[in-house]
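Trainee:
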Amino acid sequence: MAISANAILTQAMLGLNNGAFYAMLSLGLAVIFGLLNIVNFAHGAFYMLGAFVALIGLTQLGPWLGMPDLQINFWWALLIAPLVVGLLGILIERTLLRRLYGLDHLYGLLLTFGVALVLQGFFTNFYNTAGTPYPGKPEILDGVVNLGFMYFPKYRLFALVVSLLVCFATWYLIERTKLGAILRAGTEKPKLVEAFGVNVPLLITLTYGFGVALAAFAGVLAAPIYAVSPLMGADLIIVVFAVVVIGGMGSIMGAIVTGLALGMIEGVTKVVYPPAASTVVFLIMALVLLVRPAGLFGKE
Amino acid sequence: MLEPHADEILRVSDLHAYYGESHVLHGVDLTVNRGEVVTLLGRNGSGRTTTLRAILGLVTSRSGHISINGHQAIDLPTHKIAHLGVGYCPEERGIFSSLTVEENLLLPPKIRSDGMSLDEIYEMFPNLKERRKSQGTKLSGGEQQMLAIARILRTGASLLLLDEITEGLAPVIVRTLGDVIRKLKERGYTIVLVEQNFHFAAPLADRHYVMEHGRVAAMIDKEDLEDNKELINRFLSV
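If you're matching them up, the sequences are chains G and X in order.
Counting from 1 along the first sequence, just add 2 to a position and that's the residue number in our numbering.
Reminder that position 211 of the second sequence reads as 200 in our numbering, one-by-one numbering, no gaps.
1. State the start and end residues of the unbroken alpha helix (DSSP H) segment that holds G:Y109.
2. Are X:I44 and X:V1 closer than 8 Å when you measure CB to CB?
3. Note down, in chain order, each residue of its chain lying with its Cβ closer than 7 Å to the Cβ of X:S102, except the 5 sequence neighbours on either side.
4. Take the Cβ of G:N39 as the centre, count every other Cβ of all protein chains shown within 10 Å, and call the residue buried at 16 or more, exposed below.
5. State the beta-bridge partners of X:H60 as determined by DSSP.
6. Taking only beta carbons into account, state which residues of the segment 78 to 89 of chain X come closer than 8 Å to chain G, listed in chain order.
7. So what does X:L150 bridge to, in DSSP terms?
8. If you measure from the beta carbon of X:A71 to each beta carbon in chain G, is any gap under 8 Å?
9. Are the CB atoms of X:Y77 and X:L128 within a distance shorter than 8 Å?
10. The segment 184 to 196 of chain G: which residues have C-beta closer than 9 Å to a C-beta of chain X, in chain order?
11. Along chain G, which residues have their Cβ under 7 Å away from the Cβ of X:L30?
12. Would you kindly report the start and end of the unbroken beta strand (DSSP E) that includes G:F154?
13. Would you check if the segment 3 to 16 of chain G and the segment 221 to 232 of chain G touch, i.e. whether three or more CB-CB distances between them fall below 8 Å?
14. Counting C-beta neighbours from all protein chains within 10 Å, is the total for G:K272 16 or more, i.e. buried, or is it exposed?
15. In the DSSP assignment, find the unbroken beta strand (DSSP E) run with X:N22 in it and report its ends.
16. Would you please state the rounded distance, in angstroms, between the beta carbons of X:V272 and X:K174? I believe it to be under 8 Å.
17. Between X:V75 and G:F299, what straight-line distance do the alpha-carbon atoms span, to the nearest angstrom?
18. Is it the case that the Cβ atoms of G:G221 and G:A132 are separated by a distance below 8 Å?
19. In three-state DSSP terms, what is G:A279?
20. What would DSSP say about X:H68, mapped onto helix, strand or coil?
21. X:L96 versus chain G: which residues are under 9 Å apart at the beta carbon?
22. Can you name the residues that DSSP bridges to X:R204?
23. List the residues of chain G whose Cβ lies closer than 9 Å to the Cβ of X:H60, in chain order.
24. Relative to chain G, which residues along the segment 100 to 124 of chain X have a C-beta separation below 9 Å, given in chain order?
25. Per DSSP, what kind of secondary structure is G:A225 in: helix, strand or coil?
26. Could you compute how far the alpha carbon of X:L41 sits from the alpha carbon of X:D152?
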């Protein structure tokens, strides 16, 4: 069995591309879990929602409002979708999640799973679960780039670079700034941070909004690559949870590195042994759980 | 109720506090005047730590009156109480392991502009300067205690609530902490010390409150300590 190095590199690149999405989503999950102690099962639904805000903004919002010329283009969607979905997240945190703090993790998981089902069900009513293509890919990102070993779609390269920038900006914000120090401290001992005069309940709300907005941003970025479907988040979130488990709950760098690495491993498996491509992540998860139950980058 | 004293920085009256279902404080009354060092003495479980935690709203529920710098604090959420001018050093020290020493120091937000500067703090605690890049919890127990005190000096808080700062520390460090308390008093800080170590507290404090069963059982002035030795021994069973 001869597999060309080129094929492996090509799949590794495409895998890295998927991995960047895993990284962005698991990052949000890790930040939310750290401060809220909630396993946010609705994360995939917010990712899906981000893609739908982009799709609806481009193709449907104008006609609905009686202004057929109104189109929210891709660039505006990158800004607006995270804001809209982030605000929805804030609303959900204030009205629903807030009642669960101090209870077992299970309750938060059940509630957010319910929220995910409601959102998916709602969109399944109106949209094809097989997916609707997003027609708004900017012209400037059409075509391919020659990477030497392969021709890589320009848009995918753009999505990869932007995701990496967002991941590392988030890492920098949390690990290197004053605000990040407050967030890390709040994750460890929220009551003491509050006793120092920090409005921790507000911090929690904003953190949830931020994590959810990150998922929506990833959703917009994904829209031109994958079809926009009510189930796009549900498909992805399972792998993302595996990423978080492998990387270690609550570790920022762990989430980023693990997301990228697993995307690549998944891609390479597609050429080396295709039948295992969709299970390799879970095999790794099982192995990591056996050897390091807290995850590769987890503490304790 | 007595008229509030002009120099009064903290007045607690009829304070009740609960952890879950259990009723821990049964009507605590105490006052602290500006610039004083006051201790809360008593056995384990007498409610001293809970009194500090209840002042900050870190209990399940509380009732009664708390006034800090003339403002009612009983109905305020925890994060607003610090802004009345309170700095808190918890019994377990509360050093954050995901923060460096300097990040720990800079964590509590400034509530007034007249706190100590970072340079002044490093002058008072030279060890912390040396280890400012280390992970907070990598410090020795004594250094962690210094850090826990140092980080509330920057904020401009004038009332410091210090819980069991000498617990588990070597005598030489306890002596250093005694010097620190003296220096802070000279600088005009008001300090409430929860102490187990009476020999540490006795020479530092202006007044002592002795607690038992969730209330104040006695208040003893510094001058009357000698005459009340027996009473104190009985309450502390030392």
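Here a beta-carbon is modelled for each residue, glycine too, at the ideal position from N, C-alpha and C.
Bear in mind the structure is a predicted one, so any value in this text is a computation, not a measurement.
Mentor: Quick look at the numbers:
1. H107 to F128
2. yes
3. G145
4. buried
5. X:I57
6. P79, G83, F85, S86, S87 and L88
7. X:Y77 and X:V181
8. yes
9. no
10. I184, R186, A187, T189, E190, K191, K193, L194, V195 and E196
11. Near X:L30 there are no residues of chain G at all, since even the closest Cβ is about 23 Å away, more than 7 Å.
12. Y153 to P155
13. no
14. buried
15. S11 to N22
16. Because chain X is modelled from -10 through 227, residue 272 of chain X falls outside the range shown and cannot be assessed.
17. 37 Å
18. no
19. coil
20. helix
21. K180, A183, I184, A187, V195, F198 and V200
22. X:E201
23. Neighbours of X:H60 on chain G: none; closest Cβ ~14 Å, over 9 Å.
24. I100
25. coil
26. 8 Å
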